[in-house]
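K.L.:
Quick note, the numbering used here runs 1 ahead of the 1-based positions in the sequence shown.
Yeah, the Cβ is synthetic: ideal placement off N, Cα and C, and Gly gets one too.
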Amino acid sequence: MEKQPLTNSGFTAIQAELYIQSDAELNLQADEIKMDFIGWLIAHFELQPSQIIFLSEVDPRVLSFIAAQTSFAVSHRLRIKLDKPDYTSHAEKGKGKVMTSSNTLKALSDDEGDADGEGSLTIHIQYPS
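See the structure below:
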């Protein structure tokens, strides 16, 4: 996969490339996301040093939570949206970035051990003023 910028359109491009992979390949990607979310992001997105620093400063519990949601959504080919405004110099003057997630994810399993997922995930990266 070619690296993409960490923008809404770049995120959509990576997702499209992921979802044409075989189930086995996609599950490997989902496992990597869950085990090393920052490493996976660095491998797939063109990140500025300040973006890598930001990711390393996110509370590990929050990062782990978002990674688990992302991994689940990827493994089931669910819609993931990045909600990130374009970076502006105004963002430099604010309190930095805030990362949150919202979702309608639903895990399904039957008595035969088959599993499925439904819903969507939105990852929000905001620059508070």
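What are the boundary residues of the alpha helix (DSSP H) that residue 40 is part of?
P.N.:
Segment 38–45, the alpha helix (DSSP H) holding residue 40.
K.L.:
From this set, 23, 100, 21, 125, which residue's C-alpha is nearest residue 60's C-alpha?
P.N.:
That would be 100, whose Cα lies nearest to the Cα of residue 60.
K.L.:
If you measure between the beta carbons of residue 67 and residue 53, is that distance less than 9 Å?
P.N.:
No; because the gap between Cβ atoms is not below 9 Å, this pair is not in contact.
K.L.:
Ignoring anything shorter than 4 residues, give me the alpha helix (DSSP H) runs that lie fully in the stretch 42–84, in order along the chain.
P.N.:
If we require 4 residues or more, the alpha helix (DSSP H) runs fully inside the stretch 42–84 come out as 50–58, 61–76.
K.L.:
If you reduce the DSSP assignment to three classes, tell me which class residue 120 lands in.
P.N.:
Correct three-state label for residue 120: coil.
K.L.:
Which residue marks the beginning of the beta strand (DSSP E) containing residue 101, and which one marks its end?
P.N.:
Taken as a continuous stretch (DSSP letters only), the beta strand (DSSP E) holding residue 101 covers 99–104.
K.L.:
Suppose contacts are defined by Cβ-Cβ distances below 9 Å. Is residue 85 in contact with residue 7 by that definition?
P.N.:
Yes, the pair counts as a contact, with Cβ atoms nearer than the cut-off.
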